[in-house]
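Protein sequences, first through last, are from chains A and B.
First residue of the first sequence: 11, per my numbering; consecutive thereafter.
First residue of the second sequence: 11, per my numbering; consecutive thereafter.
Cβ atoms here follow ideal geometry from the backbone N, Cα and C, with glycine treated the same way.
There are 2 protein chains.
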Amino acid sequence: MAQAISIQKLLDEFERLPGIGPKSAQRIVYWLLNANEESAQRLASAIVEVKETVHFCPRCFNYAEGEFCAICTDERRDQSLLMVVSEPRDITAIERTHEFSGLYHVLGGAISPIDGIGPDDLHVKELLERLANTEIQEVILATNPNVEGETTATYLARLIKPLGIKASRLASGLPVGGDLEFADEVTLGRAIESRREL
Amino acid sequence: MAQAISIQKLLDEFERLPGIGPKSAQRIVYWLLNANEESAQRLASAIVEVKETVHFCPRCFNYAEGEFCAICTDERRDQSLLMVVSEPRDITAIERTHEFSGLYHVLGGAISPIDGIGPDDLHVKELLERLANTEIQEVILATNPNVEGETTATYLARLIKPLGIKASRLASGLPVGGDLEFADEVTLGRAIESRREL
Chain A
11 MAQAISIQKL LDEFERLPGI GPKSAQRIVY WLLNANEESA QRLASAIVEV KETVHFCPRC
71 FNYAEGEFCA ICTDERRDQS LLMVVSEPRD ITAIERTHEF SGLYHVLGGA ISPIDGIGPD
131 DLHVKELLER LANTEIQEVI LATNPNVEGE TTATYLARLI KPLGIKASRL ASGLPVGGDL
191 EFADEVTLGR AIESRREL
Chain B
11 MAQAISIQKL LDEFERLPGI GPKSAQRIVY WLLNANEESA QRLASAIVEV KETVHFCPRC
71 FNYAEGEFCA ICTDERRDQS LLMVVSEPRD ITAIERTHEF SGLYHVLGGA ISPIDGIGPD
131 DLHVKELLER LANTEIQEVI LATNPNVEGE TTATYLARLI KPLGIKASRL ASGLPVGGDL
191 EFADEVTLGR AIESRREL
């Protein structure tokens, strides 16, 4: 065998990561072989550290390092507004917009009868407990705009509205900067339906 | 800040790797967060291990784990044939072809006056020492088919031939399975020039 065993082992480990094929893995491994000791050590330590320190926030199920996550502990956030998302990564996307200053609740997925995922497999019970005990006035249902996400949003809206809490959904429409010509018909239909008066 | 500090740190570390942009880094980090402890630990350990165990073979400058590299220690390899390459990664590419069973010599680059890289910055002295002391009958100069690679090959051939050792170069021509129509003119010109009689 031409390849050192530890190089092959590292190649295998990188190839298991999402979006990394054999060529990318090889490029990274050769980069690491040429990198200084400290640089490689930093990557290895960061991986270990993330697994040691990151857990789920017991309140909103976002990733957290302290007892609660950075958003739950931030008192400047609007405590009356709650956004429900499927995964912690959706929070990152929303935070990037700087358009939302409320709190979050991560479901940990979406209702999908085909995959055998029902409301009991998601953090729905915990959501209802939060709504019963807090000053939340509006819940934005920000699950994905696909079948599972829509089903989940509809299901949750039916539970939330009887509590006297407003339930809303992110708008669907044409992507900003997009081209009308290339929009799919469902998105375009939704954009017409939800047109704004000027 | 919405992101846990250790997550941001790991994102930064992955983004420093070649070919990994912010989106890929995020995908990998979320994958690791969902992966089991052992799986993440394996990746971290493989990185540390590669830096601890891999060094350069003192004979051919390939990556090695033992005293010498796996190819230098393999007695079944043809000791009369030596292939000169720029980087250890070139050995991986050649080995994949299963067409070469000789030994290698890694230069650690190619002659490039623009980048200030001359013969003294490469393992040329060590190559000449090997050629003086061993039974090598032919040296295949497998540096890249670009300006630096050609310059290096020409330079080395001038040193090797006076020793009574054959110097050869990998053939240039059309890639197998390629399309004549899409070949660049230099490659196509080279293919005409080096045409084989049938």
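Any C-beta of chain A under 7 Å from that of S16/B: The count along the second sequence starts at 1 and reaches residue 16/B at position 6. It does: the Cβ of S16/B has a partner Cβ on chain A nearer than 7 Å.
P57/A versus L91/A: straight-line alpha-carbon distance, rounded: Here residue 57/A is taken as the residue at index 47 of the first sequence, counted from 1. Here residue 91/A is taken as the residue at index 81 of the first sequence, counted from 1. According to the sequence displayed, residue 57/A carries Ile and not Pro. Approximately 34 Å, taken between the alpha carbons.
Where I162/A meets chain B, residues with beta-carbon distance less than 9 Å: Translated into positions along the first sequence, residue 162/A becomes position 152. It is worth fixing the name first, because residue 162/A is Thr in this sequence and not Ile. Chain B residues near T162/A: none, gap ~19 Å exceeds 9 Å.
Inter-residue CB distance, V116/A and E139/A (contact presumed, cutoff 8 Å): For the purposes of this step, residue 116/A is taken as the residue at position 106 of the first sequence. For the purposes of this step, residue 139/A is taken as the residue at position 129 of the first sequence. Not confirmed; about 14 Å, so no contact.
Contact the stretch 15–34 of chain B vs the stretch 50–65 of chain A: 3+ CB pairs below 8 Å: yes
Chain A residues whose Cβ lies nearer than 7 Å to that of S34/B: Within the second sequence, numbered from 1, the residue matching residue 34/B stands at position 24. Result: G29.
Enclosing beta strand (DSSP E) for A177/A [first to last residue]: The residue labelled residue 177/A in the question sits at position 167 within the first sequence. Here the beta strand (DSSP E) through A177/A covers K176 to R179.
Any chain A beta carbon closer than 7 Å to I38/B: What you label residue 38/B is simply residue 28 of the second sequence in a count that begins at 1. Yes, because at least one Cβ of chain A sits closer than 7 Å to the Cβ of I38/B.
is_contact[L132/B, chain A] using C-beta, thresh 7 Å: If you number the second sequence from 1, residue 132/B lands on position 122. No, because no Cβ of chain A sits closer than 7 Å to the Cβ of L132/B.
Of the residues E109/A, Y114/A and D84/A, the one placed nearest N72/A, counting alpha carbons only: In the first sequence, counting from the first residue as 1, residue 72/A sits at position 62. Measuring from the Cα of N72/A, the nearest candidate turns out to be Y114/A.
Segment contact, 8 Å Cβ cut-off, at least three pairs: the stretch 33–42 of chain A with the stretch 25–32 of chain B: yes
Short Cβ contact (7 Å threshold) for A177/A with K171/A: Numbered from its first residue, the first sequence carries residue 177/A at position 167. Numbered from its first residue, the first sequence carries residue 171/A at position 161. It is a contact, given that the beta carbons lie within the stated cut-off.
Collapsed DSSP secondary structure at E97/A in the structure displayed: The sequence position of residue 97/A within the first sequence is 87, counting from 1. Three-state result, E97/A: coil.
Any beta strand (DSSP E) of 3 or more consecutive residues that is wholly inside the stretch 113–154 of chain A: 113–116 and 148–151
Alpha-carbon spacing of E158/A relative to S182/A, whole angstroms: In the first sequence, residue 158/A corresponds to position 148, counting from 1. In the first sequence, residue 182/A corresponds to position 172, counting from 1. Computed Cα separation, rounded: 15 Å.
Where the alpha helix (DSSP H) containing F24/A begins and where it ends: Residue mapping note: residue 24/A aligns to position 14 of the first sequence, counting from 1. First-last of the alpha helix (DSSP H) with F24/A: I15 to E25.
V196/A, buried or exposed, once every other Cβ within 10 Å from all chains shown has been counted against 16: Here residue 196/A refers to the residue found at position 186 when the first sequence is read from its first residue. Under this definition V196/A is an exposed residue.
Whole-number beta carbon distance between I101/A and V95/A, since they are thought to touch under 8 Å: Walking along the first sequence from the start, residue 95/A turns up at place 85. Walking along the first sequence from the start, residue 101/A turns up at place 91. At roughly 6 Å, the Cβ-Cβ gap stays under 8 Å, so V95/A and I101/A are in contact.
Residue-chain proximity (R6/B, chain A), Cβ-Cβ < 7 Å: An answer regarding residue 6/B cannot be provided, because it is not within the stretch 11 to 208 covered by chain B.
Amino acids of chain B, ordered along the chain, whose beta-carbon sits closer than 7 Å to that of I57/A: What you label residue 57/A is simply residue 47 of the first sequence in a count that begins at 1. Per Cβ cutoff of 7 Å: L20, L42, A50, L53 and A54.
CB of A152/A within 7 Å of CB of L180/A, strictly: Taking the first residue of the first sequence as 1, we reach residue 152/A at position 142. Taking the first residue of the first sequence as 1, we reach residue 180/A at position 170. Yes.
Range covered by the alpha helix (DSSP H) that runs through V64/A: For this step, residue 64/A is matched to residue 54 along the first sequence. Looking at the DSSP string, V64/A is not in any alpha helix (DSSP H), and its letter there is neither H nor E.
Partners in chain A for A74/B, counting only beta-carbon separations shorter than 7 Å: Mapped onto the second sequence, residue 74/B falls at position 64. Going along chain A in sequence order, the residues near A74/B (Cβ under 7 Å) are A14.
Backbone CA spacing between A193/A and D125/B [nearest angstrom]: Here residue 193/A corresponds to residue number 183 of the first sequence, with the count starting at 1. Here residue 125/B corresponds to residue number 115 of the second sequence, with the count starting at 1. Straight-line Cα distance between these residues: approximately 49 Å.
Classification of L43/B by the beta-carbon crowding that lies within 10 angstroms, buried from 16 upward: By 1-based counting over the second sequence, the position of residue 43/B is 33. L43/B comes out buried.
Extent of the continuous alpha helix (DSSP H) run through V157/B: The count along the second sequence starts at 1 and reaches residue 157/B at position 147. Where V157/B is concerned, the enclosing alpha helix (DSSP H) stretches over V157 to I170.
Contact list for R99/B against chain A, beta-carbon separation under 8 Å: Your numbering for residue 99/B matches position 89 in the second sequence. Ordered by position in chain A, the residues that pass the 8 Å Cβ test against R99/B are Q36 and Y40.
Cβ-based burial, L173/B [other Cβ within 10 Å; buried from 16]: The residue given as residue 173/B occupies position 163 in the second sequence. L173/B is exposed by the Cβ-count criterion.
is_contact[T63/B, chain A] using C-beta, thresh 7 Å: The count along the second sequence starts at 1 and reaches residue 63/B at position 53. With 7 Å as the cut-off, T63/B counts as an interface residue toward chain A.
L91/A - DSSP class collapsed to helix/strand/coil: Mapped onto the first sequence, residue 91/A falls at position 81. L91/A falls in the strand class under three-state DSSP.
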